[in-house]
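For the sequence shown, the UniProt record's numbering assigns the number 1 to the initial residue and increments by one for each residue that follows.
Only one structure is covered here, and it is reproduced in the block below.
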Amino acid sequence: MYINRYLTCFNTKNIQNEVVDTVIVGSGLAGISTAYYLLKLGIKPLIITKKKPGISNSFLAQGGIAAAIGCLDSVDLHFQDTINAGKGLCIEKNVRILVEEGLERVIDLIVAGVEFDKDENGFPKLTKEGAHSINRVLHSKDKTGHEIGKKLLEYVKNNVFLADGFYLEEILTDEDKYVGILLSDGKNQKVVRSKSLVLATGGYSGVFLRNTSAYNVSGDSIAVAYRSGCELMDLEFVQFHPTAIYIEGKPGWLISEAVRGEGAILVDENGERFIDELKPRDEVARAILKKYQEGHKVFLDIKPIIDKGIDFKERFPNVFSMLKEFGLENFTKIPVSPSAHYTIGGVKAQLDGRTDIKGIFAVGETACSGVHGANRLASNSLLECIVSGYKTAYNVYINNMCSKINYTDIDNDNDAKRQMEKSKREYFLKEIKTVMWEKVGLIRSQTSLETALKKIESIYDDLSPYCNVRYLKDLTILCKGIILSALSRKESRGVHFREDYPNQSDEFLKHTILQKNFEINFRRF
1 MYINRYLTCF
11 NTKNIQNEVV
21 DTVIVGSGLA
31 GISTAYYLLK
41 LGIKPLIITK
51 KKPGISNSFL
61 AQGGIAAAIG
71 CLDSVDLHFQ
81 DTINAGKGLC
91 IEKNVRILVE
101 EGLERVIDLI
111 VAGVEFDKDE
121 NGFPKLTKEG
131 AHSINRVLHS
141 KDKTGHEIGK
151 KLLEYVKNNV
161 FLADGFYLEE
171 ILTDEDKYVG
181 ILLSDGKNQK
191 VVRSKSLVLA
201 TGGYSGVFLR
211 NTSAYNVSGD
221 SIAVAYRSGC
231 ELMDLEFVQF
241 HPTAIYIEGK
251 PGWLISEAVR
261 GEGAILVDEN
271 GERFIDELKP
281 RDEVARAILK
291 KYQEGHKVFL
301 DIKPIIDKGI
311 DFKERFPNVF
321 SMLKEFGLEN
331 FTKIPVSPSA
341 HYTIGGVKAQ
351 LDGRTDIKGI
361 FAVGETACSG
371 VHGANRLASN
381 SLLECIVSGY
391 KTAYNVYINN
401 MCSKINYTDI
411 DNDNDAKRQM
421 EKSKREYFLK
431 EIKTVMWEKV
441 GLIRSQTSLE
451 TALKKIESIY
461 DDLSPYCNVR
471 YLKDLTILCK
481 GIILSALSRK
491 ESRGVHFRED
501 YPNQSDEFLK
511 HTILQKNFEI
521 NFRRF
């Protein structure tokens, strides 16, 4: 499976060129947070989005944002809970930054006007989620991500340059030096040259057939970064949310962990509980999958919440709206199953956004900075978006002061000339998602992973003659990286579970690094 440096035909001399100081690709919470803090520093970035700003996984986040602001809480306790959930793979210095600076960033949100739910004394109401030892999750009903993102977007959208309807096709480099990006709106290409590029395009759970992602989030930009020379890290760690609505042929809409935090329980068709609902997500998800494999059905029973006198519709309006859409609003037992939800791996980066290439930064779920280890602690993801956005903004400011625009022209041509019709592109996309779900999902093995690898490589070969399938080619590149990482980790740890290696091994207390030409290396940090 040979990969060209560029998958798109272009000549920068013949394309419209635009020059800005800073470009942010992606408009989820990580990208918007970075833009918010850049504006505070006097930098007006250009934001590139596939669709309208805010269509992202972080804007869909229901649960909340974790911060140790409670009277009985402490950053040390939040730190330890995060380390425990990460199963030995958290990079501790980055976790310490996350929980300590996270306090300040949450205060920033409150000052910015984010409306968190409050208790009778007017202070933020805190709830408890899986693997937290204390109530520390701030929330805005069941649409916290949307509330935070909406408030920051109100400030950002009228103060930045915005280009929607564009896809990131290529990151342009000159002898490993960042030059700019190549964009396409489906008809025309465009080059944007800048001093700094911030990748905030989300994770890659969209490569799995059952997922809770926004429809435009798939991870292809992570593969674009890989082709540009960035290393990828810990791709095997994919978090499957235990409770997505399960109706055959329907999308797997997420039911927030906060619902279980308020008292909902998991039962089989006989009403029997089979797992502590607030255990780490990977354990709960595998327990549910095992029930299905044994021929049972699984339901989320919300009656205990109602019995406590909580108005479910008032507390969880977003979930109630989804239930109504599925015709389940009058049911107290909701059919659920696991779905790919959050990806821990990504572009290897520091928490301040720095990658292997000067001028290229990665934030949020696009990046992997080691703060989540082998399993993310619930509600730490929104916190990571805000903290990494803040720290990256300051790094971008410094980089812009010390850098110049690179005006090198690049001409790329390749042998792929044919056009693939839409129906065939849709067929290959479903093939990719199906094999990833069936063979690289919650439970893996040498056999299943090798089967998936052969299928993905075969799909890439089928795509090779075509010039309008850059997106699909990048998905197969990313999927191969995920599979090779999972094959290399011959143990089970956190969200990575192999039935042929069901136990943890100290030999693998290190991070998986995907280098050029699909070479896997392990590193300790």
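Glycine included, every Cβ here is placed at the ideal spot set by N, Cα and C.
Since we're looking at a predicted model, the values are computed, not measured.
Backbone CA spacing between residue i and residue j [nearest angstrom]
{"i": "residue 505", "j": "residue 493", "result": "8 Å"}
{"i": "residue 120", "j": "residue 315", "result": "15 Å"}
{"i": "residue 252", "j": "residue 292", "result": "16 Å"}
{"i": "residue 25", "j": "residue 198", "result": "6 Å"}
{"i": "residue 444", "j": "residue 456", "result": "16 Å"}
{"i": "residue 123", "j": "residue 236", "result": "39 Å"}
{"i": "residue 93", "j": "residue 432", "result": "37 Å"}
{"i": "residue 277", "j": "residue 299", "result": "12 Å"}
{"i": "residue 154", "j": "residue 74", "result": "32 Å"}
{"i": "residue 392", "j": "residue 480", "result": "29 Å"}
{"i": "residue 416", "j": "residue 210", "result": "31 Å"}
{"i": "residue 208", "j": "residue 341", "result": "9 Å"}
{"i": "residue 78", "j": "residue 461", "result": "47 Å"}
{"i": "residue 12", "j": "residue 221", "result": "20 Å"}
{"i": "residue 371", "j": "residue 477", "result": "25 Å"}
{"i": "residue 214", "j": "residue 282", "result": "21 Å"}
{"i": "residue 269", "j": "residue 302", "result": "14 Å"}
{"i": "residue 489", "j": "residue 512", "result": "8 Å"}
{"i": "residue 385", "j": "residue 201", "result": "12 Å"}
{"i": "residue 162", "j": "residue 182", "result": "16 Å"}
{"i": "residue 226", "j": "residue 1", "result": "15 Å"}
{"i": "residue 406", "j": "residue 367", "result": "25 Å"}
{"i": "residue 45", "j": "residue 18", "result": "13 Å"}
{"i": "residue 83", "j": "residue 423", "result": "46 Å"}
{"i": "residue 86", "j": "residue 421", "result": "44 Å"}
Extent of the continuous alpha helix (DSSP H) to which residue i belongs
{"i": "residue 304", "result": "303 to 307"}
{"i": "residue 453", "result": "446 to 463"}
{"i": "residue 380", "result": "380 to 402"}
{"i": "residue 174", "result": "Element bounds for residue 174: not the alpha helix (DSSP H) but the beta strand (DSSP E), 167 to 174."}
{"i": "residue 312", "result": "312 to 315"}
{"i": "residue 482", "result": "470 to 488"}
{"i": "residue 288", "result": "281 to 293"}
{"i": "residue 222", "result": "220 to 228"}
{"i": "residue 260", "result": "257 to 261"}
Top-ranked residue by Cα proximity to residue i, from the options
{"i": "residue 4", "options": "229, 114 and 128", "result": "229"}
{"i": "residue 305", "options": "319, 259 and 341", "result": "259"}
{"i": "residue 336", "options": "313, 170 and 287", "result": "287"}
{"i": "residue 141", "options": "42, 320 and 164", "result": "320"}
{"i": "residue 377", "options": "400, 350, 433 and 495", "result": "495"}
{"i": "residue 470", "options": "396, 219 and 513", "result": "219"}
{"i": "residue 381", "options": "48, 136, 424 and 344", "result": "344"}
{"i": "residue 187", "options": "508, 468 and 485", "result": "468"}
{"i": "residue 324", "options": "48, 262 and 245", "result": "245"}
{"i": "residue 256", "options": "171, 360, 231 and 144", "result": "144"}
DSSP state of residue i mapped onto helix, strand, coil
{"i": "residue 159", "result": "coil"}
{"i": "residue 244", "result": "strand"}
{"i": "residue 266", "result": "strand"}
{"i": "residue 40", "result": "helix"}
{"i": "residue 150", "result": "helix"}
{"i": "residue 127", "result": "strand"}
{"i": "residue 325", "result": "helix"}
{"i": "residue 503", "result": "coil"}
{"i": "residue 94", "result": "helix"}
{"i": "residue 497", "result": "coil"}
{"i": "residue 466", "result": "strand"}
{"i": "residue 377", "result": "coil"}
{"i": "residue 5", "result": "coil"}
{"i": "residue 29", "result": "helix"}
{"i": "residue 406", "result": "coil"}
{"i": "residue 367", "result": "strand"}
N-terminal and C-terminal residue of the beta strand (DSSP E) that residue i is part of
{"i": "residue 335", "result": "333 to 343"}
{"i": "residue 184", "result": "177 to 184"}
{"i": "residue 198", "result": "196 to 199"}
{"i": "residue 416", "result": "Element bounds for residue 416: n/a, residue is neither H nor E."}
{"i": "residue 189", "result": "189 to 193"}
{"i": "residue 523", "result": "520 to 523"}
{"i": "residue 47", "result": "46 to 49"}
In DSSP terms, what residue i is bridged to
{"i": "residue 78", "result": "BP columns for residue 78 are empty, so no partner."}
{"i": "residue 233", "result": "346 and 513"}
{"i": "residue 362", "result": "199"}
{"i": "residue 535", "result": "With the chain covering only 1 through 525, there is no way to say anything about residue 535."}
{"i": "residue 16", "result": "190"}
{"i": "residue 432", "result": "For residue 432, which the question treats as bridged, DSSP gives no partner whatsoever."}
{"i": "residue 22", "result": "196"}
Residue i Cβ short of 6 Å to the ligand FMN heavy atom set
{"i": "residue 142", "result": "With respect to the ligand FMN, the structure shown offers nothing to examine, as it has no ligands at all."}
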